[in-house]
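As you go down the protein sequences, you meet chains A and B in turn. Here the first sequence stands for residues 1 to 154, numbered as in our numbering. Here the second sequence stands for residues 155 to 269, numbered as in our numbering. Where is the CB? At the ideal position from N, CA and C, for every residue including glycine. For clarity, every value in this text was computed on a predicted model and none was experimentally measured. A quick write-up on the structure given underneath.
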Amino acid sequence: MNGTDLKTDTQQIVVDEVFPHAPETIWKTLTTGELIGRWLMAPTGFEPLKGKRFTFQTKPAGAWDGVIQCEVLEAVPNERLAYAWRSGDEGNVGYGAPLDTVVTWTLTKVQGGTRLRLVHAGFVTPKNDSAFDSMSGAWPKVVESVGTLAGELH
Amino acid sequence: MANMKSMPQVAPLDIVMRSLADPTRRAVFERIARADETTVAELTAGSGVTQSAISQHLRSLKEAGLVVDRAQGRNVYYRVEQKGLAPLVDWIGHYGVFWRKRFANLRNLLKDIDP
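This is how it looks when you write it as structure tokens:
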């Protein structure tokens with residue numbers, strides 16, 4: 001179940017993989033500042049405590065300083081971690097556009113390891129949602145393009 | 155007229171959205187997407203819309219960078235520009251790629267700390 005879910009209204013990104021490690025080990029990598037820095041980005045002020053605010057510094061764009069403002073919404077050890085992920089500026093389109101999203105990590109013990117599911121939710125599609133509604137016929141092509149693009153973007 | 159009539163350019167998001175906001179134009183776009191390559195005459199046939207209306211829609215889609223055309227003999231063939239929808243998807247695609255890369259990093263890190 002890898003991939004990008006495309007929906008009308010708001011869209012979310014889902015990545016879902018099984019790792020051959022215990023949930024406790026994975027939890028540690030998700031919630032220890034030094035370890036987070038080794039696979040995601042180095043956070044400033046992170047603690048796995050509800051209400052805790054922290055930031056990530058990324059590349060600025062336009063009037064946006066590149067800081068991702070986060071806040072822990074939920075932290076259930078070895079099971080679930082959710083944080084708000086807010087960034088961007090109205091003046092930007094594409095990279096650096098305003099985001100008011102939520103990142104949720106869910107850990108499930110499975111045979112031989114842990115299923116780790118990331119949902120990054122709340123990407124609001126442009127106002128004219130009808131463009132998405134009526135494009136179901138074109139979606140296979142669109143999704144193909146997304147795949148091709150995804151390969152080129154980074 | 156040259157064979158490659160238009161160099162595709164990535165259009166701003168609002169131009170793409172405006173072009174696709176029109177239902178008839180969107181239908182034209184979908185038909186082109188399904189056909190791989192098609193002509194004005196083929197698009198007009200059975201569409202219930204005049205050829206000049208179709209031509210106008212094609213112009214808008216071209217301006218939005220959603221379709222490209224090529225002339226061959228007396229015909230002009232239209233096809234979907236694969237990168238045309240990029241403004242619509244790239245900010246989400248950006249994060250899709252971002253997270254998949256981070257998963258790969260995480261997998262490597264876990265291998266290191268918990269072999």
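Can you name the residues of chain A whose CB is closer than 7 Å to the CB of residue 197 of chain B?
-> Here the premise fails: no neighbours, minimum Cβ distance about 15 Å.
Can you find a CB in chain B that lies within less than 8 Å of the CB of residue 67 of chain A?
-> no
Under a CB-based cut-off of 8 Å, is residue 64 of chain A close to chain B?
-> no
Limits of the beta strand (DSSP E) - the one that residue 81 of chain A falls within | 80-87
If we ignore side chains and look at the alpha-carbon of each, how far apart do residue 53 of chain A and residue 72 of chain A end up?
-> 6 Å
Residue 13 of chain A vs residue 253 of chain B beta-carbon contact at 8 Å = yes
Proximity of residue 180 of chain B and residue 19 of chain A at Cβ, strictly below 8 Å | no
Kindly give me the distance between the Cβ atoms of residue 107 of chain A and residue 26 of chain A, rounded to whole angstroms, as I take these residues to be in contact under 8 Å.
-> 6 Å
Can you tell which of A/91, A/28, A/74 and A/45 has its C-alpha closest to the C-alpha of residue 55 of chain A?
-> A/45
Cα-Cα separation, residue 109 of chain A to residue 48 of chain A | 20 Å
Could you have a look at residue 71 of chain A and say whether DSSP puts it in helix, strand or coil?
-> strand
Which residues in the same chain as residue 127 of chain A place their Cβ atom closer than 7 Å to its Cβ, once the five residues preceding and following it in sequence are excluded?
-> The predicted model places residue 127 of chain A with a pLDDT of 36, which falls under 50 and marks its position as unreliable, so this point remains unresolved.
DSSP on residue 174 of chain B, reduced to helix/strand/coil?
-> helix
May I ask you to report which of helix, strand or coil DSSP gives residue 19 of chain A?
-> strand
Beta-carbon gap between residue 98 of chain A and residue 88 of chain A smaller than 8 Å | yes
Minimum Cβ-Cβ distance from residue 223 of chain B to chain A less than 8 Å | no
Inter-residue CB distance, residue 270 of chain B and residue 215 of chain B (contact presumed, cutoff 8 Å) | The requested residue 270 of chain B is not part of the displayed model; chain B covers only 155 to 269.
Give the single residue among B/259, B/236, B/178 and B/204 whose Cα lies nearest to the Cα of residue 187 of chain B.
-> B/236
With 9 Å as the limit, tell me which residues of the segment 34-47 of chain A have their beta carbon closer than that to any beta carbon of chain B; keep them in chain order.
-> 35, 38, 39, 40 and 41
Going by alpha carbons, who is nearest to residue 123 of chain A out of A/113, A/102 and A/117?
-> A/102
Return no unless some Cβ of chain A is closer than 8 Å to the Cβ of residue 250 of chain B.
-> yes
Quick one: does residue 72 of chain A have its CB under 8 Å from some CB of chain B?
-> no
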